[in-house]
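Going by this note's numbering, 166 is the number at position 159 of the sequence shown; the sequence numbering is gapless. Each residue gets a CB set at the ideal place from its N, CA and C atoms; glycine is no exception. One structure below.
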Amino acid sequence: MGEQMLEVVAIKELRVTFCFVSSSWCPPSSTAISAWLWCPPPGPPRRACCWSPVPGHLPREGVFTVTAIGRLGNQMGQYATLYALAKMNGRPAYIPARMHSTLAPLFRISLPVLHGDGGLAVPWQNYHLDDWMQERYRHIRGRYVRLTGYPCSWTFYHHLRPEILREFSLHEHVRRQAQAFLQGLRVGGARPRTFVGVHVRRGDYVRVMPRVWKGVVADRGYLEQALDWFRARYPAPVFVVTSNGMAWCRENINASRGDVVFAGEGVEGSPGRDFALLTQCNHTVMTIGTFGIWAAYLAGGDTVYLANYTLPDSPFLRVFKPEAAFLPEWVGIPAAFG
Numbered sequence: 008m009g010e011q012m013l014e015v016v017a018i019k020e021l022r023v024t025f026c027f028v029s030s031s032w033c034p035p036s037s038t039a040i041s042a043w044l045w046c047p048p049p050g051p052p053r054r055a056c057c058w059s060p061v062p063g064h065l066p067r068e069g070v071f072t073v074t075a076i077g078r079l080g081n082q083m084g085q086y087a088t089l090y091a092l093a094k095m096n097g098r099p100a101y102i103p104a105r106m107h108s109t110l111a112p113l114f115r116i117s118l119p120v121l122h123g124d125g126g127l128a129v130p131w132q133n134y135h136l137d138d139w140m141q142e143r144y145r146h147i148r149g150r151y152v153r154l155t156g157y158p159c160s161w162t163f164y165h166h167l168r169p170e171i172l173r174e175f176s177l178h179e180h181v182r183r184q185a186q187a188f189l190q191g192l193r194v195g196g197a198r199p200r201t202f203v204g205v206h207v208r209r210g211d212y213v214r215v216m217p218r219v220w221k222g223v224v225a226d227r228g229y230l231e232q233a234l235d236w237f238r239a240r241y242p243a244p245v246f247v248v249t250s251n252g253m254a255w256c257r258e259n260i261n262a263s264r265g266d267v268v269f270a271g272e273g274v275e276g277s278p279g280r281d282f283a284l285l286t287q288c289n290h291t292v293m294t295i296g297t298f299g300i301w302a303a304y305l306a307g308g309d310t311v312y313l314a315n316y317t318l319p320d321s322p323f324l325r326v327f328k329p330e331a332a333f334l335p336e337w338v339g340i341p342a343a344f345g
């Protein structure tokens, strides 16, 4: 993108949150951290945070942060990209408070939190990212860099997959709840051995894809093919369906075989339960969108996705590269136009 524009943002006070698992430990004070800290009370180890105002300056080596825009899948992509690019460029990474409030209830994320309320001038350099890795991102200039855009591509962070999976590991109580639901499912009276998470993106995409991006969303035919792909390869799988359009799913997904469970709550503002269920399945059927991409990435196993869902002249292809979004080993089933 050439030279990036420099933006100076006035911030009175910068606070940093150190998140850790402990019952009694807090990081020692330093010249960059004021004397008062909050420590968790004695008891069994638990996840906690220590808060401290940072007077007057940021780390000398600089800081990488990222804008927090969009919903869960978007912010997971921004977090993972920040994590990877900060490492690549030798900078500490901090996330905005909004991102922490989105991700921390679900995941055991470790990056510290940047809180700003105004008085200190922080010379943030906004650096726009395309939705795929490029060589120049290995050499980002500037000390206080704020990454912008909607990056959600394995090309940024797949080389750090074990670390990314650790960052996005579910809190134990969330994982247990999802596992309890799955273990209670039966197919033909028997407990299934293979769970396939199904995410069907509806909502705003039903309108946006044809009107803005010259594309389509998944239809009944695609979902039949995707489910049959797994039925042909695994004995007696169960399909755990989640969506932000559950009524449409109940009308268009054939559940007559007894192997489809409509499990999703479909609450866009609180998608944690649906996402947790998907990640605890063995395999994934997804349609479009970052929510499904991340569910498949965390679940592992086989993934079937909707391919070629825009026309060749779609403006969407200027900002999105399918080969950078879907892992090479994932299986694409072409969308039907008409």
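Quick one: Cα of residue 152 to Cα of residue 161, how far? Here residue 152 refers to the residue found at position 145 of the sequence shown. Here residue 161 refers to the residue found at position 154 of the sequence shown. About 21 angstroms.
Delimiting residues of the beta strand (DSSP E) encompassing residue 341: Locating residue 341 in the sequence shown gives position 334, where the first residue counts as 1. Residue 341 -> beta strand (DSSP E) spans 338-341.
Can you list, in chain order, the residues of its chain whose CB lies under 8 angstroms from that of residue 185, leaving out five sequence neighbours each side? Reading the sequence shown from its first residue, position 178 is the one you call residue 185. For residue 185, where only same-chain residues beyond five positions count, the Cβ hits under 8 angstroms are 177, 280, 283, 284, 286 and 287.
Can the beta-carbon of residue 110 be found closer than 7 angstroms to that of residue 134? Looking up residue 110 in the sequence shown gives position 103. Looking up residue 134 in the sequence shown gives position 127. No, the Cβ-Cβ distance between residue 110 and residue 134 is not below 7 angstroms.
Residue span of the beta strand (DSSP E) that contains residue 207, given as start and end: Working through the sequence shown from its first residue, we reach residue 207 at position 200. Run containing residue 207: 202-207, per the beta strand (DSSP E) assignment.
Determine the extent of the alpha helix (DSSP H) in which residue 105 is found, giving its start and end residues. Stepping through the sequence shown from its first residue, residue 105 is reached at position 98. Taken as a continuous stretch (DSSP letters only), the alpha helix (DSSP H) holding residue 105 covers 104-110.
How would you label residue 224, buried or exposed, when you count the other beta carbons within 10 angstroms and need 16 or more for buried? As a working note, residue 224 is residue 217 in the sequence shown. Classification for residue 224: buried.
Own chain residues within Cβ distance below 8 angstroms of residue 343, not counting five before or after: Counting from one through the sequence shown, the residue named residue 343 turns up at place 336. For residue 343, where only same-chain residues beyond five positions count, the Cβ hits under 8 angstroms are 223, 226, 228 and 229.
Under 7 angstroms between C-beta atoms of residue 254 and residue 292: Position 247 of the sequence shown, counted from the first residue, corresponds to residue 254. Position 285 of the sequence shown, counted from the first residue, corresponds to residue 292. No, Cβ-Cβ distance for residue 254 and residue 292 is not below 7 angstroms.
With a threshold of 6 angstroms on Cβ separation, who are the neighbours of residue 318 within its own chain once the five nearest residues in sequence on each side are excluded? What you label residue 318 is simply residue 311 of the sequence shown in a count that begins at 1. Excluding residues within five positions, the ones whose Cβ falls inside 6 angstroms are 221.
Reducing DSSP to helix, strand and coil, say where residue 312 ends up. Along the sequence shown, one-based indexing puts residue 312 at 305. In this structure, residue 312 counts as strand in the three-state DSSP scheme.
Flag this pair as touching only if the segment 83-95 and the segment 165-184 have three or more C-beta atom pairs under 8 angstroms; answer yes or no. yes
Nearest-angstrom beta carbon gap, residue 93 and residue 71 [assumed within contact, 8 angstroms]: Residue numbering aside, residue 71 sits at position 64 when the sequence shown is read from its first letter. Residue numbering aside, residue 93 sits at position 86 when the sequence shown is read from its first letter. Contact flag correct, Cβ pair sits at about 4 angstroms.
Helix, strand or coil, according to DSSP, for residue 293 in the structure here? Residue mapping note: residue 293 aligns to position 286 of the sequence shown, counting from 1. Residue 293 falls in the strand class under three-state DSSP.
Nearest-angstrom Cα distance between residue 44 and residue 122? The count along the sequence shown starts at 1 and reaches residue 44 at position 37. The count along the sequence shown starts at 1 and reaches residue 122 at position 115. The predicted model places residue 44 with a pLDDT of 28, which falls under 50 and marks its position as unreliable; any figure quoted below should be read in that light. For residue 44 and residue 122, the distance between alpha carbons rounds to 16 angstroms.
Distance check for residue 73 and residue 42, CA to CA, integer angstroms please. Residue mapping note: residue 42 aligns to position 35 of the sequence shown, counting from 1. Residue mapping note: residue 73 aligns to position 66 of the sequence shown, counting from 1. A caution first: residue 42 carries a pLDDT of 26, below 50, which makes its placement in the model too unreliable to give a value.
Looking at C-alpha atoms only, which residue of 270, 274 and 277 is the closest neighbour of residue 187? To locate residue 187, count along the sequence shown from 1; it is residue 180. Closest option to residue 187, Cα to Cα, is 270.
Quick one: is residue 261 buried, meaning 16 or more other Cβ sit within 10 Å of its Cβ, or exposed? Taking the first residue of the sequence shown as 1, we reach residue 261 at position 254. Its Cβ having fewer than 16 others within 10 Å, residue 261 is exposed.
Could you give the distance in angstroms between the alpha-carbon of residue 301 and the alpha-carbon of residue 83? Against the sequence shown, residue 301 aligns to sequence position 294. Against the sequence shown, residue 83 aligns to sequence position 76. About 8 angstroms.
With a floor of 4 residues, list each alpha helix (DSSP H) that falls wholly inside the segment 67-101, ordered by position along the chain. 79-95
List the whole-angstrom C-beta distance separating residue 338 from residue 311, where the pair is believed to meet the contact cut-off of C-beta under 8 angstroms. Here residue 338 refers to the residue found at position 331 of the sequence shown. Here residue 311 refers to the residue found at position 304 of the sequence shown. Yes, they are in contact, since the Cβ atoms of residue 338 and residue 311 sit about 5 angstroms apart, within 8 angstroms.
Only counting runs of 4 or more residues, tell me where the alpha helix (DSSP H) segments fall wholly within the segment 212-297, in order along the chain. 212-218, 227-238, 253-259 and 279-286
For residue 35, does the three-state DSSP call read helix, strand or coil? The count along the sequence shown starts at 1 and reaches residue 35 at position 28. Low confidence applies here, because residue 35 scores a pLDDT of 37, under 50, leaving its location unreliable; read the following figure in that light. In this structure, residue 35 counts as coil in the three-state DSSP scheme.
Check for me: the alpha helix (DSSP H) holding residue 168 runs from which residue to which? Walking along the sequence shown from the start, residue 168 turns up at place 161. Where residue 168 is concerned, the enclosing alpha helix (DSSP H) stretches over 168-174.
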